[in-house]
Amino acid sequence: MGNRVIRNMNCALPESICRARHLLHAACVAIAVGLSVPTAAAELPDLTDPRTAMETWLRLKGDIAGGVTYEWATGTAYGVPQDADGVALFAIESVTIRQFRRLSEDQYEERTIACRLYRDAFSGAFIDEFINPLTGNRTELRLPCGAGQPVRYSPERVALLADVPWQSSILDRPVTLELLRAGDEVIIRRRAFSAFTPAGGKVRRELAVDTFALPAASLADPGITSLSPSYSWDAVRDWSGFLAMGDLPGHMYWSVVGRKFRRVQELPAEFRAALEESDPGALERTPDWEAGYD
3 MGNRVIRNMN CALPESICRA RHLLHAACVA IAVGLSVPTA AAELPDLTDP RTAMETWLRL
63 KGDIAGGVTY EWATGTAYGV PQDADGVALF AIESVTIRQF RRLSEDQYEE RTIACRLYRD
123 AFSGAFIDEF INPLTGNRTE LRLPCGAGQP VRYSPERVAL LADVPWQSSI LDRPVTLELL
183 RAGDEVIIRR RAFSAFTPAG GKVRRELAVD TFALPAASLA DPGITSLSPS YSWDAVRDWS
243 GFLAMGDLPG HMYWSVVGRK FRRVQELPAE FRAALEESDP GALERTPDWE AGYD
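Here this note's numbering = 1-based position in the sequence shown + 2.
In C-alpha cells:
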C-alpha cells in the first residue's frame, strides 16, 4: 500500500484515509439518493425501546454473541484557532479489539484493547513526533496500546466500572440512538457531550457524533449478531493536553472513518506491520476478563 498521497480524488491525504473517505462518501451519496425512492420497508427494530437500542449499539460496535471484533479507524486531527485558518496537525490509524459478555438476561459488559499509530497528515508516513504548525514546537506522539475502561450496559443505563474523572451525556442513562430511513439503507447516529478533568488540569470538553450506515435488511435481521456498517466519528474538543497550546483560543476537530472486522487478518496489511513493529504481539491479545476495574 505504501505511503502514497492520492490527488486524483481531490484528496491530499494518505492513501488509506483517502480511500476510506471515498468509500464512505459513496455510501452516503447512495443513501441520500435513496431518500427520494420509496421501497418496501424491512421491519426495523424500535430504537425508542431501551433494550432494543442497547442491543443495536452492541451489534454495531462489536458482536453481541461474545465474539472478538477489530474496529479499525483512520482519520485526521485538525487545529482550529479562534482567529486563524484551521490546519491539519496529524493523522491517526487505530484498532480497538472489543468483546462483549452477557452477564444476565439484559446486562452486558464490554472489555477492549486500543492501539493507535500516528501518521504525517500529508505524506502518510508513520511518525512518533511532529512539528506543531500552530506553535512551532516539536511534539512527541505517544504510541500506547492498552486496555480501555470496562463498560456495563443494561436497558436502564450505560455505566463505567472504574472511577475516572469523565462525565458524559451517554452515561448513567439508557442508550439513545437516532434512526434515519433512506430507502433500502439506514443511518444511525449517537451524540455525546462529554467533559474530562485530568489530574491538576482544567476541564476539557468534547462533542462527538458516531454515524453508522448499513442495509436496513441487516439491521432488521436479529440473527446478525455483529453488523457491518460504514462508520464515521466526528468530534469537536478542547486542545489535547500533550499539544501544550497554552492560552491560545481555539479547538480541535477530529474526522475519522472506519469499519469493523471479524478477523485480525482483515486489517490493512501496512497497519498490521507497523503495529507489530511498534508493539510486537499487540494483535494477538484479547481483552482480559480477569482484570479488575481500577
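Quick reminder that beta carbons are idealized off the backbone N, C-alpha and C, glycines included.
Using 8 Å as the threshold, is the C-beta distance between residue i and residue j below it?
i           : j           : result
residue 143 : residue 198 : no
residue 258 : residue 234 : yes
residue 116 : residue 256 : no
residue 264 : residue 232 : no
residue 71  : residue 64  : yes
residue 185 : residue 243 : no
residue 253 : residue 238 : yes
residue 276 : residue 119 : yes
residue 150 : residue 114 : yes
residue 108 : residue 53  : yes
residue 210 : residue 222 : no
Consult DSSP for residue i and reduce its assignment to one of helix, strand or coil.
i           : result
residue 204 : coil
residue 69  : coil
residue 52  : helix
residue 220 : helix
residue 285 : helix
residue 37  : At residue 37, the pLDDT of 44 sits below 50, so the modelled position is not reliable; the number obtained from the coordinates is stated separately. Coil at residue 37, not helix or strand.
residue 295 : coil
residue 169 : strand
residue 126 : coil
residue 227 : coil
residue 9   : Only weak support exists for where residue 9 lies, its pLDDT of 41 falling under 50; the value from the coordinates is given anyway. Coil at residue 9, not helix or strand.
residue 59  : helix
residue 148 : strand
residue 42  : With a pLDDT of 49 at residue 42, under the threshold of 50, the modelled position of this residue cannot be trusted, and the question is left open.
residue 31  : Any answer about residue 31 is weak, because its pLDDT of 45 lies below 50 and its placement is not dependable; what the coordinates show is given next. Looking at residue 31 - three-state DSSP - the assignment turns out to be helix.
residue 25  : Residue placement at residue 25 is flagged as unreliable, the pLDDT there being 48, under the threshold of 50; a coordinate-derived value is accordingly withheld.
residue 290 : coil
Per DSSP, which one or two residues make a beta bridge with residue i?
i           : result
residue 182 : 189
residue 248 : Answer by DSSP bridge pairing: none, since residue 248 is not bridged.
residue 78  : 93 and 257
residue 211 : 193 and 236
residue 83  : 252
residue 175 : DSSP, once it has assigned bridges, lists no residue as partnering residue 175.
For the alpha helix (DSSP H) containing residue i, name the first residue and the last one.
i           : result
residue 273 : 271-280
Between which two residues does the beta strand (DSSP E) harbouring residue i extend?
i           : result
residue 156 : Premise fails: residue 156 is in no beta strand (DSSP E) and is neither H nor E.
residue 106 : 89-106
residue 162 : 160-162
residue 111 : 109-121
residue 266 : Here residue 266 belongs to no beta strand (DSSP E), and DSSP marks it neither H nor E.
residue 239 : 232-239
residue 141 : 140-142
Relative to the ligand HEM, is the shortest distance from any of its heavy atoms to the C-beta of residue i smaller than 7 Å?
i           : result
residue 148 : Summarising the ligand content, the structure contains no ligands, and the ligand HEM is consequently not present.
> With contact counted as at least three CB pairs below 8 Å, one residue from each stretch, are the stretch 154-162 and the stretch 130-140 in contact?
Replying inline: no
> When the Cβ atoms of the stretch 123-135 are set against those of the stretch 101-108, are three or more pairs found closer than 8 Å?
Replying inline: no
>> Assess contact between the stretch 46-60 and the stretch 164-178, defined as three or more Cβ pairs (one per stretch) separated by less than 8 Å. Is contact present?
In response: yes
>> Counting beta carbon pairs with one atom in the stretch 186-193 and one in the stretch 205-220, are three or more of them shorter than 8 Å?
In response: yes
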